[in-house]
Structures are given as structure tokens and as C-alpha cells.
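A short worksheet on the structure shown next.
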Amino acid sequence: MKNSRTAYTRARNPNAVIPALAGNVVIPAHAGIQCLARYAAGSPLSRGRRRNFGIYAPYAKSLLISLLAAICMLAQISSAKAADPRKVFRDVFPVAETGFDPAAVHDLYSAGVVRAIFETLYTYDYLARPAKLVPQAADGMPQVSDDGKTYTIKLKRGIQFAADPAFGGKKRELTADDVVYSFKRIIDPKIRSPYAFLLEGKIVGLDDAAAAAKKSGRFDYDKKIPGLEVIDRYTVRFRLNDTDYNLPYVLAHESTALMAREVIEKYAESDGRAMSNPVGTGPYKLGKWVRSSKIVLDANPDYRGFVWDFAPQSPGDDKLVAQMKGKKMPAVGRIEISVMEEDQARWLAFQGGELDTMNMEGPLAPNAIGLDGKVKPELAARGIRVDHYVDPEIQYIYWNMLDPQVGGLTKDKIALRRALAMSYDVDEEIRVIRNGQAIEAAYPIPQGVVGHVPNWKSTIKYDPAAANALLDRFGYKRGADGWRTWPDGKPMTIKYASRPDTLGRQQEELVKKSYDAIGVRMLGVKDKFPELLKLEKQCKLESRTAAWIADYPDGDNFMQLFYGPNSYQSNNACATIPEYDALYRKSVKTPPGPERDRMYREMTRILEGYAPHRMTTSRYRNQLIQPRVEGYRKHPILTSTWQYIDVAPDRN
Amino acid sequence: MSDLALKPPAASRRVIPHTVSPGLWTLAWRRLKTDSVAMVSMAIVIAFVVLMILSGLGLVARDWAREVGVNYAPPPFVGAPELPGTPGVENKVDAPAVPSAPTPGSAFESTVVDPIGDVISELRAESGRGGKGAPGATAASPGAPAAPSTEGGFVDPLADVMKEIEAQKSAAAAPSTTVDPLADVMKDIQAGKGAGPAADQRRATLPFGADKWGRDVIAKTIKGSETSIFVGLAAAIVATFIGTVLGALAGYYGRWVDDALNWFYSVFSSIPYLLLILAVAAVLQHKGTLTIVLILGLTGWTGVFRLIRAEYLKHKGREYVQAADAIGASNARRMFRHIFPNVSHVVLVQLSILVVAFIKSEVILSYLGFGVPVDVVSWGSMLNEAQNELLLGKWWQLVAAGGTMAVLVTAFSLFTDALRDALDPRLKGTAGH
Amino acid sequence: MWAYIVRRLWQMLPTLLGVVLLVFVLFNLFGGDPAYVLAGKISNPEQIDNIRRQLGVDQPYYVQLGIFLKQIVTADFGASWSTNEQVSQILVTRLPPSLTVLVPLLFLETFIAIGLALAVAYVRGSLTDRAVMMVCTVGLSISILVYIIVFQYVFAYKLGWFPVQGWGNSLWENLTRYALLPIIIALVVSIAPNLRLFRTFVLDEINQDYVRTARAKGVGENRIMWVHVLRNASIPIITHVMSALPSLLIGAFLLERFFSIPGIGREVILAVERSDFPVIKALTVYVAIATMVVNLLADLMYKAVDPRVQLK
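Protein chains in written order, with the working numbering: chain A, 1214 to 1865; chain Y, 10 to 442; chain E, 116 to 427.
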């Protein structure tokens, strides 16, 4: 917990204006000063001249500083162009991308490309763990006032959108109007942004605008929204309906990436989305794009660039920092992403050197990674490294609390769910299904997320004997065939749904085995993902293994999963537990800290008591990296980190 | 080509000439008997069918789901799994109480702040106290939280019950004298479904290896044969039945019946087969092996339809049909009592072609996620499991399923060829010159 | 002749209508609701309604069917629901990679299979004939999934003769590099059944009277095989090869997925997984039309090869 306070929480003090407090994503001015410092310290020129200025020295010095700063800045700007086009980094997506309109993107992979082309107001420090917010397009952390209801944010000056026909072939500066425009788009019903929930109900007047748009069929982008206020060209103010300490995380989410209105107006398709012509202020531009096959990103010559300067945090970072520190970024001139659906293809391609990195998922992990989380000796001998860490996600089996069979808050139903939960052996899942590439997740908030409790001991454990006893006690007697029945003697069959793929099949096998051991008959339900999702969101699915990966590294993103009013939304167990809901409402208004942590712990106990779900695992991510890559560190929240790495130039 | 297209082989357009004689089947059998390849392949097919029946009756491979070996236990000729210094996946089985958290000496221990260090030490301490799967040995009670105690006054709705159960369990730690009235039934359930012998009794090698869960690959293959052959046969029967009935109706009645059925046929055969399968699968939802039979049967009848229609077109003008008409036989009687015996060999050959095609299609259906449910095993489900295993060096399941399937399908195809030749000797390769 | 073609084209309409109806019923009524996938991780019923309204799936069925028919007539299927890519664009960009694999495959397998079929038919009944047929049958009995997994592992990865997967920019690069192994696998899979089929076509002809007549006239065995027999056997062969093409386009999806070829088959699976109706509808309709046109062409070629064939 001690490290988990995020940077932004410091900005809660209404008076605290902390300029670029993290300062890791270096802005041009900052770069200039750093560059200047080098001159000031070592240059004989500065030492020699200083004496001669006499009493004008202060002025002259400041003049000199500005001059040098200007020179340095020029050097920085030209450095962006210096990203070596021969430096090609080859990445892979296991799923086809969908498109690159930040407001419309809903898959993690496309979001990674968005992250490289666009910028958000805030981003995460590359190395800090747990993830820490730092400014990106914003100039410093937000100024928070009015009990966390008003956020004032300044933009860095001189940020440019890449030159594009939409701007008459020239580049254009990013302004506060662009920020407001980008946020309006997320809530525009026509665009049907999958991340509208991040803003819904939060910003003063924004929902009214969306409601009006639903009626008229057209969102009025010219209409002013009280909660999104342009103070001056470089300042914007967000007003919230209610205290919300998570807004800065929202401002770092890909869906809130900053876009230009001209671009959308030029390229938008009939539904208002511009999925194929992304123009942003980020380090890369979309180059050649063969849909569902290959995405090429080229360094954006109009990008201002930054100097690599991050502090080591985890073991192994020292070497990485030593390699990278002071490099002008982005260093890689070209990112080539291939789409490969089959595990076999990805793994063979990586081994053949056709890929610079890949995520080694469970099924094939034993090929490359031992249970100690290190690469196999034969790969290590080739210089291949692995980034082995637990993803900020939880997996859990839920039982639908609205289901006539397994739902309800009566004791017999609670006992049934508890027994089912206790029949499941997480260790076996880890060993057999995950090939050892997961850890047991006992607490609903995973590692690397604010609010995580590391050594949590759940009261629900694998214990088929106790599960059997519990079922006996509540009258789930065994029928003549040995299977348990309902207390009224009717035959009992519990449904479990899974996706029709290999993983789904294995999960179903294990659940079946678990239920068999306590005499409960299981029926597998198989359906395509869209259909499962639909039934789940309608609270018509009896039970399923669900997963949730952090949208932002705060516990609220996870605790909301069981909040009653979120049924039919994200609460896929459709659980409405009054004690839990009461505490949750309190927790939202409580800033992250010991008090909220205490609430979360109690809420977790409540969940264990009522057992709407059984926590299972968090998976390891095993990012394999070729030796030619430098500075690669997979970030738990950032969907892509190409702008922070370097590679050896191509041999040919 | 047709295999690639996931489509049952298009029935050839060639017209099979007719030697309408009462002894057609007798003659064919006589010819078949002289063909040694045909007899051998027929024996293999019969052996498989017998195996399928035995397995269906639960006489063999009944315990296929029992986990008798360690995970991925190899065949003995490969050698028992190496047990490296650090615990590997395989010998993890011996210590089920240790969750697969990073083992001591892993990268995590050198971490400045090990995020799960205390979990590991805790679990290590716990595992010293013995396995938790054994009843009564559970150290931490499931209901009464050991630590941390509930803050904020939340009361477990089942607290009293759980306490009671705990008490019962510790009382039952001594061997129970009461006899469970369902003991044998329970044993059966557990034997048939999953729960295998205790971890330390699992075998390190099995005659042809074990799968991911430690199930015997040979038993799985036998059980898989049952499912796959059943699917192939049943789907072929469904498809042939649909194709034959519709083909007979169209060919016999002609006119608007023919037009309508022909339209239906061309609609079905114009839709890409893959999409048709996916769509029909969506319509039927997913219920089990029968669904697969229906998916294949409902989409695979077009070839039979075309052939049978042509046969009926030809036959309805023949004298014997007119004679039947003269003696006042009904349409149905003419269609099925008089004409059908004369086209039945075409039906039989088509049926056996379809069996082979559907056994292969089942594999692709499994790949697409429309395979058999988890309590059933088929060659398709095995091959799909085996897909990644090859890369892990665990080739035995792939070889077992792929090999067995190849043997059956080869035998079946050869038998089909021989059957066709026997029924229609003019086509036989040795004829001519 | 022309009258025949016009009539055949005219007859396609009811079939096409049937296809449209069937696809519409199968996918609209049973095909899953795309709104929930598109809505993302957290969605509320209101958003779902909004998405359904934007996509037009909240309209009554007859309106949706009308829109579908209009789309077919105007050949404009709009944009994919999940990627916003124009459906026409999808077809134009995914077809070439598929054809890069399929066209060479089709030619190679046809010629190889015909050559072999004539050869074994020539020595019909001999040990060679039986051995070849036996090998074919065995080869045919192995699942294509096994072929792909093993060949990719052995030839591409272990031996390094081919790239494991990938797709280049130029046709030449693709043909000489990336498409090779997929084509070889497809050949291995498809030659066996084709050889068996073509052999029976050839044998059918060999037993015909005209062969006996020719032989009686003293025509050489070679000439009989390569001219008389081949000419006549080519009718069913052409029909077979042509009618296989449309279904192959989509049927090669396994190869496309394992070798990361950005073709049509992969797109179909993707579209079905995403419940992307515009793509599914367009692909089905186009493939259905292609199937019917190809069948017509095959019949016309029948006529061209064998003037005795009556087109009715």
C-alpha cells in the first residue's frame, strides 16, 4: 500500500499547483533546461564569458540562458525527425484491430495504436510501479478545488497536430478547444463510444447535451457546456457534478485522447467516426495499413520529442535506465505490427526472429518460461529476455444473483453458492489451465492497483469436504443416482457458460470436475461471445468465468463490479447486496487512503459471505523480448510503449 | 480440394449404369469377397464399429475421464518426465497444497518489494501442515475467517452453520464408522468423472501417454472413436435420408415439386458452406453431440439430393414402374418399394462417402468451437487440444487421435471404393482392354 | 445460345432471393446481437438501445430486409459495424491475397491431378495403380488441421525452408515466399481426392465405344489418352474444378489463419465472431452470385468442349 498513492492524490490540495511534478515526460522547455544545464556545467564558453559581463551579468546570463534554451529546443525539435527509419520494431497483435478513432475504439490493441498516435492530457510514468500519473499534453498536474469538483488544467504550449490535408497540409497547434471537443465526442450518441461510461453523469451539463443530441439526432458541438470550460487558449476547466477523485485517471485513458475537429469533419464516416484517418499530436503517424493484417506506424516528424529520463523502480531497471537515459525519443523510426491469430504462428515467428516481442500466453508458456518466471536457458543463451509480471486483472466465476436457481440472498442459496465456490480448486486451474502462469487472486483488487491487499486470506477456500457438508446441512440431498437434488427433491443442474474455444473448454472441464466432486450436476452452455455477453448483460446467464482488467489503476474500477445499481452494466453477477452497496456509496466519496481501504476490506468480506462469485486468478504477462530491443518494459496500464524503447537498426 | 473446402465431396456427375437384376447384392458380395483389400478394410471398419459399440455400452474406456497419470505423462518409451531441480509442472502434482505461486528462488524474491512475498511464506508454512484436500485436515476453516477478522461488524450470514460444519469435520477426522448408503454410486460418479486417484498414486508414464489433465490417451482415443464414428454415421444417415427423400420426391413427381425442391437445393448450395455451418450452429444453439450430427446432416445433403433426383428421373419412365402403375400401386409404393431398391446402391455409396467426410468435418467444427461438450471426447476435440501440445513436445495425443482417425478413414474409403466397384463392376479398374 | 444465357441469368433471381431470405433469417434472428460487443466493457441498457438505433437493428424486420435488398441492388453494403471499413473495400482488399494462394493452387492441382490420373488410368489395375490409389486414400484420411500443424512446425520452423507466416506487399514476394507453404499444404490435401475423382472420369471415358473404335482404327495409345480421352474427360473435370472455386475462397480459412494471410476466409470468421452483419451479408451474397455464375460458365464450357451437349 505504501507506494500505491498515486501522483494525482497530491494535487488534491486545492492550492497545490505542482508544475510537472513528475517531470518524466519531458516537455521541450524542460528538455531545453536540461540541455542547458549540460552547457552551463561543462562548456568552456559559458565559463569564459561569464566574467566579462560585469554588472550586466544577470541580464546577459538570462539572455544567454534563453538563447541556449532556444538552441537546445531547436535541437530537440529536429531530434524528432532523427528517429531512425532503419530502426524497425516488429510487434504482434493476436486479434485484428478495429480502427483508430480514440472515442470509438473498444479493443485493447487498437487502443495501443491510438496511444502512439495521439496524446492524452495525462499518461503514466513508464517505469513507476504501481502506475503513477504524469502529465502528457497537460502542463503539470490539475489544480483541484471545490472539494474535488473542479479541475483546472493547463496545456503545454507548442504541441502540434501532425501536418495533414485537414489543416491545409500544415501542422496545427493544440488548444483548449480541442480538449473540449474531444470530450464532447465521447458522449455524442452517434459515435456510441464504448467508454462513454467514463464521463457519463460526471461532468456538469454534458449529459444534457447528450440527451438533446438523442432527441435531435445531432450533437451540437458549438454549444457551450458548463462543465467543460475554455478559460484561455491553453487552459481548460472541468466542473463535476460530484466529488470524483478518479477524474485524472479518466484524463489518461485512450478514449479521451485529444483530437482536432477539422480532422473529424474531413474524414468522419457516416456514423461520425473517423476510424481510418487518425491525426494526433503523438510520436507516431499511421503509415501503411493493411486491415486485419499489418499496421505500420512511422515516426511523426512534427512531434516535439522528449528525452528519455525515468527513474529505476523495479529490479533490472538499472540496466535499462543506463541504456536509455538521455536518448532522444522516439528512437524507433517505424513500428510494424502484424496480426496473427494462432498461438503456433506467433511463437514460431518470434523464435524465427520475425517478431521483436510477443506475449507468451499460458498454453505455450512452458516452451519459453519456467515456473520461476525466467526464460528457458536455451532462449536466455540467445539473449531473449522476459518481462514477467502479474497483469492488473482479476478472473472470477460468478453466479447470477438474479437467477432463480443460484441467485438470491436466502441462506440456502448462499450455502449453495458457497459450496460451489469451495469446490473449485484454484491451484489446479493455475497448474493445468494456466500452465503455472497465474497467481491466485484472493482480493477483488489485483496487484498494481490502488487498494490491493497483498496477503489477503479469503474465507472461501478449496475445500470439497466442507462444501459437501454445507450442502448436506441445507438439504441438497443426494438422489438415487448420486447427484444432489434441490431441497424439495427436484433434480438439480447448475449451468455454466463458456466461450467455444480451447480455454473455455478447459475452464468448463475444471468446473465440471469440481461440481462432480460434490455431487452437483453441471450443464455446459456454449455460445459465441456476442451472445454470451448479451445474456450476461441481461442477467440471464447463470454462471460464467469473467475477467476484468484495470481501465485505470484504482480499486474503484474493481469494487464497482459488485455494486447493485451496476447490474445490467458491469455487475455481471447482478448482485445487489444492501450492506455492500451502502459501503460502496461511502467509498466513492472517500479519497484513496486507509479509510477507503478499510471499507474495501469489509466489502470484500461481505462478498465472501454472500458469495456472488469466487475469485480465481490473475494471470502473469510474459512479454518476451529479443536482444536487439533496448528499454522495453511492459506497462500494466499503458496499452503501448513503443515511444519509450529503442532497437538496433535493421541489418539490411 | 473438397476437403479443404470443408464440403462433402461433390457426388460425381457420372451416371451409374444399371444392371437391374434380382441378384445385384448377391453378385456384389461375391465380387467383394474376392477383393482382399476390401475384406481387410471391411474387417478394420467392423473392428472400429465393434469398439464403438463396446465403448458405448461402457465395456471399454469407461473411465476415460479418470486422471490416472500425472499431467502430460509420456509413453514409457519416451521415458518418465524429467524432474528438474526446480519443481516442474509435472511434479507439482505431488504437492497439491502449494499454489503455483513463484517458487523460492524466483525472480520475485530478489524484488525490493515483493508484492506477494508474505503470501508465499504463508503458503509455504501451510503446506508443511499437510494436504488440504483430505477431509479433516483443513487447517484454515472455510467459514470462520482465521485472519484478518471482519472489520466493521459485517456478520457472515452462515457463520453459525459454518462453525457447526467445522466442528463436525474435526469430529469426523477419525475414520467414520457409518457407511455412506451412496458410497458406491458416489465412487462411480467420481471414477467416471474426473477425480482420479490421489496425487501420489498417479503414474509417471502411461502406455501412450496422458493428456493435460493426466487422462489416459488410449482410453480417450477409444472413447473419441465412439463419438466420432457415431457423429459420422448418424450425420451421414441424416444427410442421406434428407437427400434421398427430397431427391426422390423431386425426381419422381417432377413439375412444380421438382422446381420447388430444385430451388431449395440451389439456395442451399449457393450459400458458402462455412457460413451455412456457422449459421445453423447458431440456430441450433449448443446442446451436445446430437447438435453436431444435426449441423452436419442439415448442411450436407445436397450432393445426395442431386444424384438421387437424377436416378429417379431416369427410373420413373422405365417399364417396371409403368407396370407397377398398371397394377395400381400408389405413388409412395412405387417410389419406395419399386424404384428405391434399384437406386439403393447409389444411396449406400453416398452414405459411406459422407461418413468419411463428416468424420473429418467434425475436426473442423471442433476447431471452430462447435465441437462436443466437455464430458464427451472426440477425435476433433483431441486434435484441437493437441494443437498446442506439439509445440510443447507432447506429441502423443496428436499422433494417437490423428493416427487412429487416419486408419479408420483409410479403411472406410477403401471399403467404399471396393463397394462401388462390386456394385458396378464395369467401373472396376481391371475392366477394359 | 444468348437466349439460354439470359434465361439462366433470369433463373438466378429466385435463387438469390432465397439466399437473401435464408441469410437474413439465419443471421438476424439467430446470429447474436452485435450491440453488446460494440458497447464495450461497461454498458447500460440505454447505450445498448442507442447502438441498436445507430445500427438500425431496432427496425422492424421487414424494414431491415428492405434495406438489405436495397443494398444488394445498389451493391453498396455500407460499412463494417466494428471497423467502419467499407464492405466493398473489404472485398477488394481481401480478395487478392486469397486468390494469390488459390489461383496457383487451382492450376497446379488440376494439372498434377490430371497428369497423374491419366498415368494411373493408363496402367489401371496394375500394382502401381493400386499403390498410388492407396497412398491417395491414406493421404486423404488425415485431417487438414494435422497437415497444417505438422507442416508449419516441421518445414517452416524446424527446417526453416519457408517463413512461418506472414504476408508481403508485392505479388511476387507473396508468391515466391509466403504463399508457398500454404499452397503446398493445400496441394497435399487436395490432390488425393482430385486424383481419385479424375481417375474415375478418365476410366469412364476409356470404356466408351469411341475409344474402342479409335483403337480398332489403329490410333496410337498415347494419342487416344491425350487427345480423345482427355478431351472428353475434361468436361466433368472442368465442372468440378470451377464449382470448387467459390467455396474454396472461404474454405481456405484454416490456412489463412495459421499463416496470417489477410484473405476472405479469415474475414468471414472474424465477421461471424463480431456479429458484423454488413460483412456477412455482403460476402454471402457475392459468393452466392459467384457460385451461380461459375456454374453457368461451367455449363457453357461444357458446350464449348463438347458440341453435342444440348443446352436447354
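Beta carbons: idealized from backbone N, C-alpha and C, even for Gly.
Quick check on the burial criterion: 16 or more other C-beta atoms within 10 angstroms. Buried or exposed for residue i?
{"i": "residue 274 of chain E", "result": "exposed"}
{"i": "residue 125 of chain Y", "result": "Low local confidence applies: a pLDDT of 30 at residue 125 of chain Y is under 50, so the model's placement there is unreliable, with the coordinate-based value given in what follows. The residue is buried, with at least 16 neighbouring Cβ atoms inside 10 Å."}
{"i": "residue 1626 of chain A", "result": "buried"}
{"i": "residue 405 of chain Y", "result": "buried"}
{"i": "residue 341 of chain Y", "result": "exposed"}
{"i": "residue 1624 of chain A", "result": "exposed"}
{"i": "residue 1761 of chain A", "result": "buried"}
{"i": "residue 1702 of chain A", "result": "exposed"}
{"i": "residue 93 of chain E", "result": "As displayed, chain E neither begins before 116 nor continues past 427, which places residue 93 of chain E out of reach and without an answer."}
{"i": "residue 347 of chain E", "result": "buried"}
Does the beta-carbon distance from residue i to residue j come in below 8 Å?
{"i": "residue 219 of chain Y", "j": "residue 306 of chain Y", "result": "no"}
{"i": "residue 1365 of chain A", "j": "residue 1450 of chain A", "result": "yes"}
{"i": "residue 1871 of chain A", "j": "residue 1800 of chain A", "result": "Since the first residue of chain A shown is 1214 and the last is 1865, residue 1871 of chain A is not available in this structure."}
{"i": "residue 1487 of chain A", "j": "residue 1314 of chain A", "result": "yes"}
{"i": "residue 1794 of chain A", "j": "residue 1777 of chain A", "result": "yes"}
{"i": "residue 383 of chain Y", "j": "residue 1708 of chain A", "result": "no"}
{"i": "residue 1697 of chain A", "j": "residue 1732 of chain A", "result": "yes"}
{"i": "residue 1775 of chain A", "j": "residue 1788 of chain A", "result": "yes"}
{"i": "residue 263 of chain Y", "j": "residue 313 of chain Y", "result": "no"}
{"i": "residue 244 of chain Y", "j": "residue 330 of chain Y", "result": "no"}
{"i": "residue 134 of chain E", "j": "residue 279 of chain Y", "result": "yes"}
For chain Y, is any of its Cβ atoms less than 8 Å away from the one on residue i?
{"i": "residue 176 of chain E", "result": "no"}
{"i": "residue 1631 of chain A", "result": "yes"}
{"i": "residue 1715 of chain A", "result": "yes"}
{"i": "residue 1307 of chain A", "result": "no"}
{"i": "residue 255 of chain E", "result": "yes"}
{"i": "residue 357 of chain E", "result": "no"}
Pick out whichever of the options has its Cα sitting closest to the Cα of residue i.
{"i": "residue 180 of chain E", "options": "E:342, E:142, E:204", "result": "E:142"}
{"i": "residue 165 of chain E", "options": "E:175, E:153, E:176", "result": "E:153"}
{"i": "residue 1692 of chain A", "options": "A:1845, A:1529, A:1706", "result": "A:1706"}
{"i": "residue 1784 of chain A", "options": "A:1609, A:1661, A:1688, A:1667", "result": "A:1609"}
{"i": "residue 1482 of chain A", "options": "A:1403, A:1506, A:1654, A:1446", "result": "A:1403"}
{"i": "residue 380 of chain Y", "options": "A:1341, A:1740, A:1394, A:1831", "result": "A:1740"}
{"i": "residue 1533 of chain A", "options": "A:1470, A:1598, A:1504", "result": "A:1598"}
{"i": "residue 1546 of chain A", "options": "A:1572, A:1837, A:1298, A:1617", "result": "A:1298"}
{"i": "residue 222 of chain Y", "options": "A:1562, A:1642, A:1539", "result": "A:1642"}
{"i": "residue 80 of chain Y", "options": "A:1797, A:1672, A:1646, A:1850", "result": "A:1646"}
Is there a Cβ from chain A that is less than 8 Å from the Cβ of residue i?
{"i": "residue 172 of chain Y", "result": "no"}
{"i": "residue 383 of chain Y", "result": "yes"}
{"i": "residue 222 of chain Y", "result": "yes"}
{"i": "residue 148 of chain E", "result": "yes"}
{"i": "residue 216 of chain Y", "result": "no"}
{"i": "residue 341 of chain E", "result": "no"}
{"i": "residue 366 of chain Y", "result": "no"}
Beta-carbon of residue i versus every beta-carbon of chain E: anything under 8 Å?
{"i": "residue 61 of chain Y", "result": "no"}
{"i": "residue 1415 of chain A", "result": "no"}
For residue i, list the residues DSSP reports as bridge partners.
{"i": "residue 219 of chain E", "result": "The partner list for residue 219 of chain E (beta bridge, DSSP) is empty, contrary to what the question assumes."}
{"i": "residue 1736 of chain A", "result": "A:1708"}
Is residue i near the ligand GDP, with its Cβ less than 7 Å from a heavy atom?
{"i": "residue 1779 of chain A", "result": "Only the bare structure without any ligand can be found here, which leaves the ligand GDP out of the picture."}
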